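For reference, the structure discussed in these notes is given below.
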Amino acid sequence: MRSQILSATAALKLFFRECVIQANMLIIIALMFCIFVIDLNTPLGVAAAVPYVLVILATLWVSGIRFTYLIAALSFVLTITGFSLSPGIVMPMNIVLFNRALTLLLIICSALMVIKIKKANIDMSALMTQMLIDPVTGYKNRQAFETELDTEILRSRRYHRSFSIAIIDIDLLKLFSDDYDYKNKNDSIKQISQEIKTNIRITDLFYRIDINVFAILFPETDLCETKKVCESVRKKVSARMDKNTENKIMVSIGIAMLDETDNKLKLCKRAEDALFVAKRNGGNQVSTL
0 MRSQILSATA ALKLFFRECV IQANMLIIIA LMFCIFVIDL NTPLGVAAAV PYVLVILATL
60 WVSGIRFTYL IAALSFVLTI TGFSLSPGIV MPMNIVLFNR ALTLLLIICS ALMVIKIKKA
120 NIDMSALMTQ MLIDPVTGYK NRQAFETELD TEILRSRRYH RSFSIAIIDI DLLKLFSDDY
180 DYKNKNDSIK QISQEIKTNI RITDLFYRID INVFAILFPE TDLCETKKVC ESVRKKVSAR
240 MDKNTENKIM VSIGIAMLDE TDNKLKLCKR AEDALFVAKR NGGNQVSTL
């Protein structure tokens with residue numbers, strides 16, 4: 000039920016975001032045609048077509064480059080059309096032609112500038128995403144974990160909801176030894192991470208925070224429910240066996256729930272202490288503190 004509510008909330012947020020984008024697009028198009036109407040009713044010689052540049056700059060409100068291309072092309076066409084259909088002339092024709100040519104040049108320059116800005120934003124977003132992704136597993140890394148942990152703690156305190164965290168350590172006899180093949184090591188890590196991700200809920204947040212250490216954030220989840228999920232993860236991952244029996248995959252998991260006096264460091268420390276207890280007791284188990 001909880002996951003369905005969260006999914007519905009996410010869908011509503013996406014819907015409203017799309018509505019805002021569509022509204023911005025309609026406003027920009029409406030402004031462009033208003034400028035065209037004004038240009039048609041203004042004698043030649045008055046630079047009524049220049050506001051098209053402002054409309055093109057306004058496309059920065061809308062994500063995507065295609066919309067900017069569309070508005071720039073329409074502005075270009077409407078500027079020429081306005082010249083052809085304008086009712087009269089108040090300036091010499093050479094000045095009128097110069098004004099129109101200058102307007103067309105401004106339209107092209109502003110469109111190129113907006114497109115470059117949007118491409119730079121896309122590149123920057125892609126770079127920021129790559130910085131938060133572990134290259135081996137394709138899941139979020141420790142930097143993302145630190146950032147989103149702060150966010151989830153603040154959300155938990157604001158809405159007075161439960162919040163838990165799990166630290167997972169992989170127990171293998173040979174996987175992390177110096178003579179183990181590097182490619183096979185990465186393949187094993189990737190398989191383990193996929194197995195963990197498959198067996199957690201859609202609302203849980205998964206990270207690789209060290210070579211053989213993973214973390215899961217459990218928003219709006221108490222300790223009992225967190226332990227159930229972690230036990231399921233432990234059983235499923237531990238069931239995976241290499242052909243070599245010495246490479247049996249086992250996991251030790253330490254979990255902790257956010258207390259009123261906790262900060263990020265204290266919460267992580269209690270989860271790590273719980274993990275240490277699990278490993279000290281022989282591993283392949285879930286421990287809580």
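Once you know that position 49 of the sequence shown is 48 in numbering that gives the first Met the number 0, the rest is easy, because the numbers rise by one and skip nothing. Just so it is clear, CB atoms sit at the ideal spot from N, CA and C, and this is done for glycine as well. Quick caveat: nothing in here was measured; it's all calculated off a predicted structure.
Taking each of 51, 61 and 68 in turn and checking the Cα distance to residue 102, the smallest one comes out for 51.
It is roughly 24 Å from the alpha-carbon of residue 26 to the alpha-carbon of residue 121. Counting other Cβ atoms within 10 Å of its Cβ, residue 36 stays below 16 and is therefore classed as exposed.
In the DSSP assignment, the residues bridged to residue 212 are 168. Beyond the five residues adjoining it in sequence on each side, residue 80 comes within less than 8 Å, by CB distance, of 35 in the same chain, given in chain order. Rounded to whole angstroms, the Cβ separation of residue 230 and residue 285 is 5 Å, and the two are in contact under 8 Å. Annotation for residue 269: no beta strand (DSSP E) segment contains it, though the alpha helix (DSSP H) segment containing it runs 263 to 279.
The three-state reading of DSSP puts residue 62 in coil, since its state is none of H, G, I, E or B.
The secondary-structure analysis by DSSP pairs residue 207 across a beta bridge with 213. In the DSSP annotation of this structure, the continuous segment of the beta strand (DSSP E) that includes residue 287 starts and ends at 285 to 287. Membership of residue 155 in the alpha helix (DSSP H) is indicated by the continuous run 141 to 158. Counting of Cβ neighbours within 10 angstroms places residue 256 among the buried residues, the total reaching 16 or more.
Under the three-state reduction of DSSP, residue 132 is assigned to strand. Judged by their CB atoms, residue 135 and residue 55 are not nearer to each other than the 9 Å cut-off. Residue 192 carries a helical assignment under DSSP once its states are collapsed to helix, strand and coil. With contact defined as three or more Cβ pairs closer than 8 Å, the stretch 258 to 266 and the stretch 208 to 216 are not in contact. Taking the CA atoms as reference points, residue 22 sits about 12 Å from residue 30.
167 is the residue among 167, 198, 235 and 232 whose C-alpha sits nearest the C-alpha of residue 271. When DSSP states are grouped into helix, strand and coil, residue 251 belongs to the strand group.
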